[in-house]
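Chemist:
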Amino acid sequence: IKKHPLALSLLMNIAVFAGLMLLFHPCYETSDDMYMNEFASGVFGQQENHLVFLNYILSSIILGCYKIFPFLNWYAFFHYGSMFVSFVVITYVLIRTKGETLGLWISAIVLIVFGYQGYVCPQFSKTAGFLIFAGALLVFYAFKCGKKVWQKALLGVLLMVLGAMFRKKILMLCLLMVF
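Residues in the sequence shown are numbered from 364 upward in steps of one, following this note's numbering.
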């Protein structure tokens, strides 16, 4: 594992996610997410892909998943999956840039401080922010390290696009902070 920072990042994030799910009762931070989840899943009689704050394409993908496997909570899955990927990327970059020991300590602090907000109190704006931050971090790291630049940069851009699909205004806010 020491020579595989991605495996280390995955294991650390699986442990934090499992711990938070065992210790706390997750619930949406705002009623907006609860209603979008209910609209997408068809609680009100018909499944809807016009989710107020989410991009139409992402909403349609979520609705398509509900049509294939209606017994799964796809709206929550997209939140948790997005948060997990974001935290894995952040942990990976920290381990690669700060070294294993310091990178793991910083990652532990980041996961403890922000993991609760991301996993226990999910909210579409926070999910968007974490995706965009992780994507931008990966793009900057890709150009800094110079190895497999296009693969890392492409993944970073895809994470930022997914973040913008959760909430476009968060992308604009993040871009304002960077420039």
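By construction, the Cβ of each residue, glycine as well, lies at the ideal position given by its N, Cα and C atoms.
Taking the alpha helix (DSSP H) that Gln514 belongs to, which residues open and close that run?
Modeler: Here the question's residue 514 lines up with position 151 in the sequence shown. Segment Val512 to Phe529, the alpha helix (DSSP H) holding Gln514.
Chemist: Excluding the 5 residues preceding and the 5 following Ala497 in the sequence, name in chain order all residues of the same chain whose CB lies nearer than 6 Å to its CB.
Modeler: Along the sequence shown, read from residue 1 onward, the residue named residue 497 stands at position 134. Once the five neighbours on either side are set aside, the close Cβ partners of Ala497 are Ser449, Val452, Ile453 and Leu522.
Chemist: According to DSSP, simplified to helix, strand and coil, what is Gln486?
Modeler: Taking the first residue of the sequence shown as 1, we reach residue 486 at position 123. The answer is coil: DSSP assigns Gln486 none of H, G, I, E or B.
Chemist: Excluding five sequence neighbours on each side, which residues of the same chain lie with their C-beta closer than 6 Å to the C-beta of Leu494?
Modeler: For the purposes of this step, residue 494 is taken as residue 131 along the sequence shown, with counting starting at 1. Contacts found: Ser445, Ser449, Leu522, Leu525 and Gly526.
Chemist: DSSP three-state call for Phe432: helix, strand or coil?
Modeler: Sequence index remark: in the sequence shown, residue 432 carries index 69 (1-based). It is coil, neither helix nor strand.
Chemist: Between Leu426, Leu501 and Pro389, which lies nearest to Gly405 when the distance is taken from Cα to Cα?
Modeler: In the sequence shown, counting from the first residue as 1, residue 405 sits at position 42. With distances taken between Cα atoms, Gly405 lies closest to Leu426.
Chemist: Starting from the Cα of Glu401, find the closest Cα among Val415, Pro389 and His388 and give me that residue.
Modeler: Translated into positions along the sequence shown, residue 401 becomes position 38. Residue Val415 is the option with its Cα nearest to Glu401.
Chemist: For Ile533, count the other beta carbons within 10 Å of its own beta carbon; 16 or more makes it buried, fewer makes it exposed. Which is it?
Modeler: Counting from 1 along the sequence shown, the entry for residue 533 is found at position 170. Looking at its Cβ environment, which holds 16 or more other Cβ atoms inside 10 Å, Ile533 is buried.
Chemist: Count the other CB atoms, across all protein chains shown, that sit within 10 Å of the CB of Val502; report buried if there are 16 or more and exposed otherwise.
Modeler: Translated into the one-based positions of the sequence shown, residue 502 becomes position 139. So Val502 ends up on the buried side.
Chemist: Mind checking Trp513: buried by the 16 CB within 10 Å criterion, or exposed?
Modeler: Against the sequence shown, residue 513 aligns to sequence position 150. So Trp513 ends up on the exposed side.
Chemist: Which whole-angstrom value describes the C-beta separation of Ala471 and Trp437, a residue pair presumed to lie in contact below a C-beta threshold of 8 Å?
Modeler: For the purposes of this step, residue 471 is taken as residue 108 along the sequence shown, with counting starting at 1. For the purposes of this step, residue 437 is taken as residue 74 along the sequence shown, with counting starting at 1. Not really, about 30 Å apart at Cβ, beyond 8 Å.
Chemist: For a minimum of 4 consecutive residues, which ranges assigned as the alpha helix (DSSP H) are wholly contained in the segment 425-479?
Modeler: 437-461 and 463-478, all fully within the segment 425-479.
Chemist: At the level of alpha carbons, what is the spacing between Gly408 and Met528?
Modeler: Within the sequence shown, the letter at position 45 stands for residue 408. Within the sequence shown, the letter at position 165 stands for residue 528. The alpha-carbon separation between Gly408 and Met528 amounts to approximately 25 Å.
Chemist: What is the DSSP secondary structure of Glu411, counted as helix, strand or coil?
Modeler: Here residue 411 refers to the residue found at position 48 of the sequence shown. Three-state DSSP puts Glu411 in coil, outside helix and strand.
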